[in-house]
Structures are given as structure tokens and as C-alpha cells.
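What follows is a set of notes on a single structure, which appears directly below.
Residue numbers (UniProt numbering): 1 to 173.
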């Protein structure tokens with residue numbers, strides 16, 4: 001994509017306008033996918049209880065936190081994170097394009113986030129109808145990065161240990 005973006009004549013105002021339009025259309029499609037997913041989540045109203053252990057923030061020294069929620073609330077929270085990430089990307093792209101006058105990322109950011117939205121776990125479950133098993137089982141496994149210290153755990157021993165240790169043994173009901 002980088003090589004293709006280098007060959008596009010962004011000096012031509014018509015080409016630049018077309019690439020800007022493609023970027024805007026891409027983000028509108030992504031928003032539509034996420035809103036449709038949200039409607040499907042609300043329609044399913046899956047109130048199955050979901051318990052997992054959320055890892056503590058890196059460098060905080062806190063104990064991992066036990067979380068008890070429903071599949072619907074978990075999915076809505078994950079969807080809010082996806083939408084927030086997309087809005088952050090649009091904001092960064094706005095600064096890069098409007099303030100710093102970069103044009104190449106417009107083309108790349110028209111395709112990669114759209115692909116990511118279509119391949120997200122929530123879209124696979126709620127739009128494509130795949131069963132929530134294996135890699136799609138809640139809680140979703142986070143992508144490996146230097147920012148996440150630990151993985152979300154959902155095994156019974158981890159949950160009981162976290163419930164016992166969280167806030168001095170006081171269980172939240």
C-alpha cells in the first residue's frame with residue numbers, strides 16, 4: 001500500500017479530492033458497521049453471566065480485578081472501545097492531513113481500518129453469525145502489545161483468586 005500511495009499524484013486537486021472522499025466514505029461505512037452491530041447486540045439481549053479477571057494496569061501494583069457482567073454489556077463495552085479507537089484514528093488523521101499536510105496516509109487509512117472493522121470479533125459474531133467459541137469466546141483475547149501487561153483470564157481458579165484478593169476479600173455483588 002505504501003508503494004501504491006507513492007505513485008498516486010496527490011498534486012492533482014481532483015485526485016486529492018477523490019482520496020479524501022474515499023477516506024470519508026470508508027469511515028462512514030465503518031460507523032455503519034459498528035451501529036448495525038450495536039443494533040444486533042441490543043436485539044439479541046444476551047444476558048448470560050460472564051465472569052473474568054481483568055489484568056491490572058501496567059506499573060500500578062494493583063491486584064487483578066474480577067469482573068462480573070453479561071455478554072451484552074461486555075459486547076457493548078468492546079464496541080465502545082472500537083468506536084473510540086476509530087474516532088482517535090480520524091482525529092490523528094485530521095491533524096496529519098490538515099495541519100501537517102500529509103496526504104499518503106489518507107489512502108492507506110481508507111483501507112486498513114475498514115478491513116479491521118470487518119474482521120473484528122464482534123462483527124464476526126453478530127453480523128457474520130459465527131459462534132462465540134474458540135478465538136471468538138468472550139472475554140476476547142487482547143492482541144499482543146507492549147501496553148498490555150497480562151491477558152484477561154476466565155478460568156474458575158483465577159476468578160476465585162481475584163475475587164478473594166480484590167479489595168481485601170470484599171466481594172462485589
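C-beta atoms are modelled at their ideal positions from N, C-alpha and C, and glycine is treated no differently.
query                                                                                                                                          : result
Where does residue 148 land, buried or exposed, given buried means 16+ other C-beta within 10 angstroms?                                       : Legend: pLDDT at residue 148 = 49, less than 50; position of this residue unreliable, no value from coordinates given.
Given 8 Å as the limit, is there contact between the region 61-74 and the region 7-26, that is, 3 or more CB pairs closer than that?           : no
Do residue 29 and residue 142 have their C-beta atoms closer together than 9 Å?                                                                : no
Rounded to whole angstroms, how far is the Cβ of residue 127 from the Cβ of residue 48, which I believe are closer than 8 Å?                   : 19 Å between Cβ atoms; not a contact.
For residue 60, is the classification buried or exposed, using 16 other Cβ atoms within 10 angstroms of its Cβ as the cut-off for buried?      : exposed
Tell me the rounded alpha-carbon separation between residue 138 and residue 95.                                                                : 35 Å
Grouping DSSP H, G and I as helix and E and B as strand, with all else coil, what is residue 65?                                               : strand
Going straight from the alpha carbon of residue 135 to that of residue 25, what length do you get?                                             : 30 Å
Ends of the alpha helix (DSSP H) at residue 74?                                                                                                : 71-94
Between residue 41 and the rest of its own chain, which residues show a CB-CB distance below 8 Å, the 5 nearest in sequence each way excluded? : 72, 75, 76, 79, 122, 126
So, residue 86 versus residue 35, is the Cβ gap smaller than 9 Å?                                                                              : no
Counting only runs that start and end within the region 9-51, where is the alpha helix (DSSP H) found for 4 or more residues in a row?         : 13-44
Tell me which residue opens and which closes the alpha helix (DSSP H) that residue 113 is part of.                                             : 104-118
Residue 56 and residue 64 look like a contact to me (Cβ under 8 Å); what is the Cβ gap, rounded to whole Å?                                    : 5 Å
Looking at the unbroken alpha helix (DSSP H) that takes in residue 132, where does it start and where does it end?                             : Run containing residue 132: none; DSSP gives neither H nor E here.
Between residue 112 and residue 119, what straight-line distance do the alpha-carbon atoms span, to the nearest angstrom?                      : 11 Å
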